Amino acid sequence: MRVLELALVSTLLLGCASAGGSTPGAGTPAGYGLAAGNPVEVCMPDGERRYLARLVCPSGAHPEFSRGGSVGPRTPLPSGMSQAEMEKLLDDQLAGRPLAAGAPDYHWIDAYEVRCGAEKTTVFLDMYHCNVDPPAAAPDGFTILR
1 MRVLELALVS TLLLGCASAG GSTPGAGTPA GYGLAAGNPV EVCMPDGERR
51 YLARLVCPSG AHPEFSRGGS VGPRTPLPSG MSQAEMEKLL DDQLAGRPLA
101 AGAPDYHWID AYEVRCGAEK TTVFLDMYHC NVDPPAAAPD GFTILR
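The opening residue of the sequence shown carries number 1 in the numbering used here; numbering runs sequentially from there.
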């Protein structure tokens, strides 16, 4: 239920956001959103779709996008992980619990095909970051509405 409440609050906040555009800034790492190890951090599937709907193609049009599926964990799982440890990781992810400071991020990453005309880009998203503000940066080749 808490995840649903957070998703609802995020939706309301995004609806109140200004419509200015933004590109990646000096603090945005190269390849942001373009690799599974450097995904865009959002909150749940609705956050993925809201983020992608805010992207703007070089032409000024909004891209079309479709989910390609999960591509595995952001950080490879350690060998020898017990069943109980795996279950705790899954439970923490599904409950939307924030990572402990310095903890490795084993969240499962989703890949979306994002199309600007004939140009296709795969954008990677980590939907288990409900404790952060919606991203204000865009992957290379896109701008984003705020």
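The beta-carbon is built from N, C-alpha and C at its ideal position, and this holds for glycine as well.
In this text the structure is predicted, and so the values were computed from the model without any measurement.
- Assignment of residue 45 by DSSP, reduced to helix, strand and coil, places it in the helix class.
- Residue 133 is not a Cβ neighbour of residue 74, given a cutoff of 7 Å.
- Residue 144 and residue 47 have their C-alpha atoms some 14 Å from each other.
- Here residue 112 carries a strand assignment [DSSP, helix/strand/coil].
- Per DSSP, residue 91 has no beta bridge partner at all.
- Closest in alpha carbon position to residue 76, among 41, 107, 82 and 112, is 107.
- Judged by their CB atoms, residue 109 and residue 35 are not nearer to each other than the 7 Å cut-off.
- CA-CA distance, residue 69 to residue 121, rounds to 14 Å.
- Straight-line spacing of the CA atoms in residue 56 and residue 98 works out to 29 Å.
- Around the C-beta of residue 54, 16 or more other C-beta atoms lie within 10 Å, and the residue is accordingly described as buried.
- With a cutoff of 7 Å on beta-carbon distance, residue 64 and residue 146 are scored as not near each other.
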